[in-house]
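A short write-up of the structure that comes next.
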Amino acid sequence: MIDIKKLRDEIDHTGKILLTRGYELNKELFLSLDDQRKTLQLSVEELQSKRKKLSNDFGKIKSSGEDTSSLKIEIDTINKELKVKDELLQSVLISLNDFLLDIPNLPNDNVPLGSDETDNVVVKKCGEITSKNKIDHLEITNDIDTDLAAKLAGSRFSVLKGDIAKLQRALISFMLETAIKNGYQEFYVPYMANSESLKGTGQLPKFEEDLFKTTDNLYLIPTAEVPLTNIHSNDVIDEKDTPVKLTSHTPCFRSEAGSYGRDTKGLIRQHQFEKIELVQIVKSQNSMDSLDDLLSNAEEILELLELPYQVVELCTGDLGFSSSKTYDIEVWMPSQAKYREISSCSNFSDFQARRANIKIKSDDKKELAHTINGSALAVGRTLIALLENNYDGKKNINLPKSLVPFFGSEVVNISN
RNA sequence: GGAGAGUUGGCUGAGUGGUCGAAAGCGCCUCCCUGCUAAGGAGGUAACUGGGUAACUGGUUCGAGGGUUCGAAUCCCUCACUCUCCGCCA
26 MIDIKKLRDE
36 IDHTGKILLT
46 RGYELNKELF
56 LSLDDQRKTL
66 QLSVEELQSK
76 RKKLSNDFGK
86 IKSSGEDTSS
96 LKIEIDTINK
106 ELKVKDELLQ
116 SVLISLNDFL
126 LDIPNLPNDN
136 VPLGSDETDN
146 VVVKKCGEIT
156 SKNKIDHLEI
166 TNDIDTDLAA
176 KLAGSRFSVL
186 KGDIAKLQRA
196 LISFMLETAI
206 KNGYQEFYVP
216 YMANSESLKG
226 TGQLPKFEED
236 LFKTTDNLYL
246 IPTAEVPLTN
256 IHSNDVIDEK
266 DTPVKLTSHT
276 PCFRSEAGSY
286 GRDTKGLIRQ
296 HQFEKIELVQ
306 IVKSQNSMDS
316 LDDLLSNAEE
326 ILELLELPYQ
336 VVELCTGDLG
346 FSSSKTYDIE
356 VWMPSQAKYR
366 EISSCSNFSD
376 FQARRANIKI
386 KSDDKKELAH
396 TINGSALAVG
406 RTLIALLENN
416 YDGKKNINLP
426 KSLVPFFGSE
436 VVNISN
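Letter by letter, the first sequence follows residues 26 to 441 of our numbering.
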């Protein structure tokens with residue numbers, strides 16, 4: 026949620042900024058709602074104040090045994106008017122809140138302008154593309170079985186077998202250990218979240234169709250960002266405890282509504298995938314440094330895995346709803362001969378903190394925190410990048426040496 | 001699944017219809033006393049939010065939502081969560 030005061034005071038400027046990311050601010054609607062709010066609120070509060078005084082008088086008069094009937098009539102009149110105005114006020118407040126919840130975050134000043142992903146900026150390329158492999162992971166091994174998964178659950182799921190399943194487990198351990206080494210505290214969290222939590226991080230109310238909802242009104246988490254960030258919802262964090270650095274491995278569940286026909290083959294786009302998430306909660310003045318820090322933590326995984334990748338800065342038009350600045354990390358996928366997203370690292374400024382009510386206290390001053398998160402990394406995509414980049418054309422996948430201790434061997438048996 | 005007890009300020013905890021945003025204690029802050037420390041004394045100390053340049057001044061909040069009432073922390077209903085006992089279970 027953006028700052029309503031800023032919206033009020035700098036509405037034209039804010040509208041312009043929002044337009045750079047493709048959001049058309051309905052200025053008239055906002056000004057009219059806010060104006061109604063002000064008028065109604067003043068009048069409701071005045072009536073409440075009057076009633077409070079008169080009700081006090083009522084008590085005194087009654088205890089002295091005198092007649093209260095005329096006073097009651099007066100209070101009844103106030104209550105009638107109050108009821109009408111308060112109901113109006115509540116409905117205006119709801120509309121105003123809905124309006125605010127729908128507005129995306131403001132892009133940071135230095136985010137490149139652009140309308141869609143073609144305007145994103147490649148910041149750097151790292152690692153050398155050496156693989157001559159052309160075939161994709163499904164052809165490399167039969168141990169990624171999407172047919173079997175279809176029998177068990179449906180499309181966009183997968184079953185991993187044998188060494189491939191073990192490799193995924195090794196990647197998870199490796200990534201978590203790297204995060205811990207970098208100062209993140211590991212968490213095991215619920216894989217379902219309530220609507221409050223999802224509202225806090227910005228998935229609700231606008232993107233409900235992207236989520237799986239359970240029969241008792243919980244949602245399967247689309248990312249560990251949701252539980253990790255909300256660990257500190259409604260908290261006031263002491264400055265000396267910042268930066269707060271959290272990590273968790275979780276499965277992630279996404280309905281992929283609206284992505285029919287995209288990446289239908291293989292592990293790229295699944296309803297369920299494993300991810301290690303990094304979250305930082307920091308003071309506002311440090312947040313861009315923290316984003317760089319978190320980005321480097323994610324890049325480190327790719328470096329240790331010796332996978333070629335590039336870092337892309339998203340332009341204003343391609344930013345996610347809650348983000349003020351995002352770097353995507355894209356790994357080289359030989360079978361597609363292009364870079365594919367494997368991590369997205371974002372600074373949400375105070376957008377999530379305002380929704381989730383996360384504050385930081387320093388010298389008696391309390392201010393909204395800034396939240397930063399990113400994947401380090403999406404495990405399924407890392408797995409296939411590893412398979413495709415390291416496939417020797419015969420039957421072996423040679424592992425980078427940093428992964429060997431976690432996998433327990435240098436070669437993955439792909440069994441076909 | 002069954003039975004019961006709870007949820008009040010930073011913390012402990014009192015309050016069962018008005019003078020209660022709320023006793024008392026702890027903690028914290030300021031001052032006094034003191035060579036220092038300890039002890040002691042005096043005072044202060046909730047959050048959120050509206051209006052106002054400000055001084056200031058309103059409102060809301062006692063788990064959440066609804067109801068009764070002129071008036072609700074207090075009475076009634078619904079829900080969430082916590083704890084205890086029994087059962088069951090990884």
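Using N, Cα and C, we set each Cβ at its ideal position, and we do this for glycine too.
It should be emphasised that the depicted structure is a prediction, and the values quoted were computed from it without experimental measurement.
Practice item. Compare the Cα-Cα distances from S312 to each of V146, C277, K270, V337 and report the closest residue. Key: K270
Check your understanding: I think V404 touches F298, with their Cβ atoms under 8 Å apart; what is that distance to the nearest whole Å?
Key -> 7 Å
Check your understanding: Among all the DSSP beta bridges, which residues are the ones paired with Y213?
Key -> DSSP output for Y213 lists no bridge partner at all.
Check your understanding: Just curious, the beta strand (DSSP E) that D260 is in, first and last residue?
Key -> 260-263
Review point. Apart from the five residues on each side of it in sequence, which residues of its chain come closer than 6 Å, Cβ to Cβ, to Q61?
Key: Result list for Q61: V117, in chain order.
Check your understanding: From E35 to I42, what does the alpha carbon distance come to, in whole angstroms?
Key -> 11 Å
Check your understanding: Are the segment 175-182 and the segment 372-392 in contact at 8 Å, needing three or more beta carbon pairs?
Key -> Judged by Cβ distances under 8 Å, the segment 175-182 makes no contact with the segment 372-392, as fewer than three pairs qualify.
**Study point:** Inter-residue Cα distance where the pair is Y416 and R194
**Key:** 19 Å
Practice item. Express the C-alpha separation of D144 and D111 in angstroms, rounding to a whole number. Key: Their Cα atoms are separated by approximately 48 Å.
**Study point:** alpha helix (DSSP H) segment containing A378, residue limits
**Key:** 376-381
Practice item. Drop a sphere of 10 angstroms on the beta-carbon of P268, count the other beta-carbons inside from all chains shown, and report buried for 16 or more, exposed for fewer. Key: buried
Practice item. Report the residue from N255, H257, M217 whose alpha carbon sits nearest the alpha carbon of Y244. Key: M217
Check your understanding: Which residues mark the beginning and the end of the alpha helix (DSSP H) in which I439 is found?
Key -> No alpha helix (DSSP H) contains I439, which DSSP labels as neither H nor E.
Exercise for review: Return the residue from the list I29, T93, P129, D28 that minimises the CA-CA distance to D343.
Suggested key: P129
Check your understanding: Grouping DSSP H, G and I as helix and E and B as strand, with all else coil, what is V136?
Key -> coil
**Study point:** Cα-Cα separation between G208 and F376, rounded to whole angstroms
**Key:** Straight-line Cα distance between these residues: approximately 24 Å.
Check your understanding: Whose C-alpha, out of F373, N242, D161, is nearest the C-alpha of K319?
Key -> What sits at residue 319 in the sequence shown is Leu, not Lys. With distances taken between Cα atoms, L319 lies closest to F373.
Practice item. Give me the Cβ distance between I169 and I189, rounded to the nearest whole Å; I'm assuming they're in contact under 8 Å. Key: 6 Å
**Study point:** Beta-carbon gap between T203 and E325 smaller than 8 Å
**Key:** yes
Practice item. Please state whether DSSP places R62 in a helix, a strand or coil. Key: helix
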